[in-house]
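FYI, the numbering for the sequence shown is 480 to 1281, going by the numbering used here. Contents: one structure, followed by commentary.
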Amino acid sequence: MGTARTVRRIATGALLAAGVAALAGGYVLRRPVPRAKGKVSLKGLREGAEIIRDRWGVPHIYASNLNDLAFAVGYAQAQDRLWQLEMNRRAAAGTLAELLGEQVLEIDRMTRRIGFRRAAERDWAEADPVEREVLEAYSAGVNAFVARAKMPLEFTILRTRPAPWQPVDSLAFGRLFGWALTGNWDSEIVRSWTIERFGAEVMGELDPSYPAGAPVIVPPGTEAKGARPELLEDYREAAELVGVAGRGMSNNWAVDGTKSVTGKPLLASDPHLSLSLPSIWWEMHIDSPEMKAAGVGLPGLPAVVMGHNERIAWGMTAALVDGDDLFVEQIDPADAPRYRQNGKWSRGEVFREEITVRKRSEQVVEEVLVTRHGPIISPAIKGEPRTLSLKTVALEPAHQVKAMMMVMAAHNWEEFRQALSQWPFPSLNFAYADIDGNIGYQLAGLVPVRGKGHGTVPAPGWTEDYDWTGFVPFEELPHAYNPETHWIASANNKIADDDYPHFLSVENADGFRQKRIVELLEEKEKHSAEDFEAMQVDQLSLAAKELVPLIIALTPEDEWCRRAITFLKAWDYQLSADSAAACIYEVFFTHLVRRTLEEKLGSWSDFFLGKGVHMLRPHTVFFHASHSWLMEKMREKPQWFAPTGAGPGDGKSWTEAMEEALESAVGELRSRLGDEVSRWRWGGLHKQYFRHPLGEVRGLDRIFNRGAVPMGGDANTVWQAAYVPYHGYDVNSFTASWRQIIDLADFNRSRATLPSGQSGHPGSRHYADMISQWRRGEYHPMLWDREQVEAQARGRLDLSTQ
């Protein structure tokens, strides 16, 4: 996070006080690990609750009413993830710099300007009684633990304690997390900057179209025709009118009983996010008369976000619907709160945000103007001279927690869809299955209807032409129920073809993961949970199958290049960590994409290779769709490379460009991995690191960090392990942050894994105990029946009334 220098200064005194010997001996690490056994009397409970921990540290929480269930969830989350709760709260509220200093001020400035906390306060004022009961009880549970707990090591190092948790903290974090998966504001900025420097036509060449023949989600089993919205006109208008002169990924799928060996549906889901320590997700099993569910939630929210209840199962993938738009505003220079609207001046609302920064004597003040579109965010974006406001679904009126509670309580497809009709953001592809044998797909979340344009570049804010006119009605959102294919699947690919009447997005994954999932689903007549396990870790690259035949057709003079081609000729297209051919393919592909971009953009190509525009969006996503874009250019643009001057049409051919890319790629591999080609390994360059924010500090890294784990896969394999070249070959983008396989014939046969562990305490045995099984594609059971839980119990904590 770039906080190393600040944290190092803060940490020094605390480390000396604790004693290096004590740290080495583990005492300081073990001391704050909460107890999992015994009995605790607490205020705020009505009747009491029970927390049973299984051998993987997963809590199974039993209560006789919803209030006590939510209280116990808060208590157990605080036991495991108190530091993460604090970071999630501060990230949403814009108070990270108060604790971590100057290095994170950029994040606070942006989150204060967007105003997640301001929006959450409105949510709380409008919350319904059930939301209030659940959030108040959850907050009371967190605070009950904090009141009597030994502080986790991070608090000791930073010499702080958490303030009492409030319901607004949960609501603000829910908005921040939803916004992180919502939009493309950073892509809009990169596009507009590119248009300014190179023109609309060049930008039009850089945006990929979704390839013809690639699968769409709805209807299942259909393919895209290859058309796309006319974006070039958007770019030309941007250049003329505006004065321009992570999201996340995922897989999910389900089969009905006719394609399952059990005769009941199976459902798989693995959301792809950037990994950290502790894990983004927190696994739980909750049981009360009103609510029974198992799966994962987010620290800070009292709900199972994906998993199953006693009748249905659900998973989700990022839909990549464009829920953000930037508008260029004209501000009255004589009266700053006024902005132009249809030839007249309108007065916006101004909020004064005072940011406390550690080691600074004075606060940083942000005067935030909010227009009819939304808050002005451009002062928080380095290098952005225009006045940009942000219109985002993540600031629309919302009842996120209510929607989550409705999903957990749903017992059939109709109730599930009714719950999702209340789902505000982020837009997600939901996979559904139930014990009656049904499966379904539903796009959920607010989808803007635009008056003009497609939201790909900042639009003129002084006219209403580009304003949102509403949202797509829920009944018109793509969905499918018991399709003739007997399966449903989504993998961040295009949702519907261009005959669908509403615009959704232009930023889809290439479609290779979805195509491979469909291949595997149709390969067998009936599937087992073990088949789904193998699917989730499948590393066959359909993208490589397209490109490698062109590489092996090359006739390079260089001996090392010829050796590399020999390995590619024998390759089975598996992007395994121990494959030399996979290593050659990936590095070659990166070199070819870089050369292709640099031909038009020079060093500006870094933005299309992953360079981010802000700490909140540290990398762009253009590279993840670069394979289809590159193949399209190779087919349709033989004169891509500029002439040398010898005569018309004498520019470099694609064959020559590929030979140069191969030579430079082999040179990099020899430099980094040695001259023995047979010893090159994709996992030698492509590693997963598990890093904690305080692990940036030398000395603390050995306490908090884990890794590096050699990885296979890339952005286009079902086992996604995405990288962006600007930040290197390590898994610096997305990978599986949770894997679940739900067996609707017997929930006790369901299975899952986190990438690290359940606990946030580095001294706990459950801090990183799942890394090995996650890396090997192994799972632990999602225990459901009480007798199964009792058989695997390793600790029982009774929470009683005081």
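Cβ atoms here follow ideal geometry from the backbone N, Cα and C, with glycine treated the same way.
- Shown here, N972 sits in coil according to DSSP, grouped into three states, outside any helix or strand.
- Here R1096 has D665 as same chain residues with Cβ atoms under 6 Å from its own Cβ, once five neighbours each way along the sequence are excluded.
- Inter-segment contact for the stretch 946-964 and the stretch 917-925 is present: three or more beta-carbon pairs are separated by less than 8 Å.
- DSSP, reduced to helix, strand and coil, places W760 outside both helices and strands of the structure shown, so it counts as coil.
- Scanning G1191, V519 and R514 for the CA closest to the CA of V1016 turns up G1191.
- Here DSSP, grouped into helix, strand and coil, assigns M887 to helix.
- Under the DSSP assignment, E1111 falls in the alpha helix (DSSP H) whose first and last residues are S1105 to E1115.
- In this structure the stretch 1257-1275 touches the stretch 750-768; the number of beta carbon pairs closer than 8 Å is three or more.
- Taken through DSSP and simplified to helix, strand or coil, R837 comes out as coil.
- Within 10 angstroms of the beta-carbon of D607 lie fewer than 16 other beta-carbons, which makes it exposed.
- DSSP, read as helix, strand or coil, puts Q993 in helix.
- Annotated three-state conformation of L524 is coil, per DSSP.
- DSSP, reduced to helix, strand and coil, places L925 outside both helices and strands of the structure shown, so it counts as coil.
- Counting only runs of at least 3 residues, the stretch 788-871 fully encloses the following beta strand (DSSP E) elements, listed from N- to C-terminal order: 791-797, 803-807, 817-820, 823-826, 828-834, 843-849 and 867-871.
- Burial is judged here by how many other beta carbons sit within 10 angstroms of a residue's own beta carbon; S1105 has at least 16 and is buried.
- Ranked by how close their Cα comes to the Cα of S906, the residues P699, I1250, R654 and W892 have R654 in first place.
- Nearest C-alpha to K738 among H751, G949, F1011 and K1048: F1011.
- Its chain contains no residue whose beta carbon lies nearer than 7 Å to that of R1177 once the 5 sequence neighbours on both sides are disregarded.
- The beta carbon of H1240 lies closer than 7 Å to those of P511, V512, P631 and Y1246 in the same chain, with the five residues before and after it left out.
- DSSP places K1166 inside the beta strand (DSSP E), whose first and last residues are K1166 to F1169.
- The three-state reading of DSSP puts A1215 in strand, counting E and B together.
- Only buried fits K973, as 16 or more other CB atoms lie within 10 angstroms of its CB.
- The C-beta of Q842 has fewer than 16 other C-beta atoms within 10 Å across all chains shown, which makes the residue exposed.
- By the C-beta criterion, the stretch 926-933 is judged not to be in contact with the stretch 840-854, since fewer than 3 inter-stretch pairs fall below 8 Å.
- Residue V775 holds the alpha-carbon nearest to the alpha-carbon of Q556 among Y945, L1088, V775 and G940.
- Under DSSP, the beta-bridge partners assigned to D766 are Y541 and K771.
- If one requires a minimum length of 4 residues, the alpha helix (DSSP H) runs lying completely within the stretch 1227-1264 are 1250-1255, in chain order.
- The Cβ atoms of D1193 and A1201 sit closer than 8 Å to each other.
- Here E808 really is in contact with I855; their C-beta atoms are around 7 Å apart, less than 8 Å.
- Measuring C-alpha to C-alpha distances from F1213 to each of T1196, L1223 and D1154 identifies T1196 as the nearest.
- By the 16-neighbour rule on beta-carbons within 10 angstroms, N730 is buried.
- The beta carbon of A782 sits closer than 7 Å to the beta carbons of G776, V880, M883, M884 and M887 from its chain, once the five residues preceding and following it are set aside; these are given in chain order.
- Of the candidates T871, E1115, M1094 and K522, K522 places its Cα closest to the Cα of A619.
- For V829 and K861, the gap between their C-alpha atoms comes out near 22 Å.
- L1080 is positioned such that its CB atom lies no closer than 8 Å to that of P778.
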